[in-house]
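**Q**
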Amino acid sequence: MFKKRTCSYHTLFLMALILTSGLAVSLPLTGAEGLAEEARQLLIRTDRNCEPEEYEGVMLIRNYRPGQEPQENKVQMRRKGDKMLIIFVEPPSQRGQVFIRDGDDMWMYLPRSKKVMRVGTKDAFMGGEASNADLMRTAMADDYNPVYQGEEVMAGVVCHKLELTAKKRTVAYDRVIYWIAKEDEIPVRRDYYALSGKKLRVMYFEDVKILGGIKRPARIRIENAEQKGYWTELIFEKLNPDAKWEDYIFTPAYVKQGLFY
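When we follow our numbering, the leftmost residue of the sequence shown carries the number 8, and every step to the right adds one.
1. Thinking just about the alpha-carbon of each residue, which of 68, 260 and 159 is nearest to the one in residue 226?
2. Please list, in chain order, all residues of the same chain as residue 200 whose beta carbon is under 8 angstroms from its beta carbon, the five residues on each side excluded.
3. Does the distance from the CB of residue 70 to the CB of residue 239 come in under 7 angstroms?
4. At the level of alpha carbons, what is the spacing between residue 2 and residue 97?
5. Since residue 154 and residue 195 are thought to touch, with beta carbons under 8 angstroms apart, how far apart are those beta carbons, to the nearest angstrom?
6. Report the CB separation of residue 64 from residue 202 in whole angstroms; it is logged as a contact under 8 angstroms.
7. Looking at C-beta atoms only, is the number of pairs between the segment 126-136 and the segment 107-118 that lie closer than 8 angstroms three or more?
8. Since residue 221 and residue 248 should fall inside the 8 angstroms C-beta cutoff, what is the C-beta to C-beta distance between them, to a whole number of angstroms?
9. Roughly how many angstroms separate the alpha carbons of residue 176 and residue 150, rounded to a whole number?
10. Under DSSP, the alpha helix (DSSP H) around residue 260 begins and ends at which residues?
11. By how many angstroms is the C-alpha of residue 146 removed from the C-alpha of residue 41?
Set out below in structure tokens:
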């Protein structure tokens, strides 16, 4: 009976997603294959709802530690597909510092020494609770395979619940539990786990508003699951989805010219 009830529930979910996403004609899949594809399409749509493929933005990054004043940085962000620049504007001591992503490669440029250093996806971004991947590898569908886990209420919101497993070991987290709002398919919460099963981070998506014509969370809070009081918040101030960029700007050679200092 459990098996029959589970299959029926998944079939209903599949039919609902196909009807709401307009894929009834283009995806004539059934059973487990269709359910897996619909979970993948849900993840792709949520990625796009949260962040356009090409844009320019301004964001505040605040790192919190017990008994210390928050460390704050203001950055400009430029994205084109799997390429990204994060350019530090404030404080003045870090102005001109740039994080670069080009596909699977990431670097950090230090303007005072004019040096470029390679960085990893799992490294902490500026010593906070966000990893480099949290800021520069934001397309979850590129890095994870989703499995639908049903519906669940999270933070008072009816959500689709997905379990994500990493496609390769180079991504920041091996497993993610992801809650996506059923009504508008925007992120609500993610729990991040190591391969051992240990919970590492919890990411909350808050303050949903319109930025650059896009409805999305304007605040992301990332908490350390092991150390209480250690957390990072990302506050999106501006988003311009009409910005267009040439590929060559997302390279260490271009950034080393010091044009952002």
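Glycine included, every Cβ here is placed at the ideal spot set by N, Cα and C. These numbers were taken from a predicted model, which means no experiment stands behind them.
**A** Concretely, from the data shown:
1. 68
2. 180, 181, 182, 183, 184, 206 and 207
3. yes
4. Since the first and last residues shown for the chain are 8 and 268, residue 2 lies out of range.
5. That belief does not hold up - the Cβ atoms of residue 154 and residue 195 are roughly 18 angstroms apart, past 8 angstroms.
6. 32 angstroms between Cβ atoms; not a contact.
7. yes
8. 6 angstroms
9. 10 angstroms
10. 259-262
11. 22 angstroms
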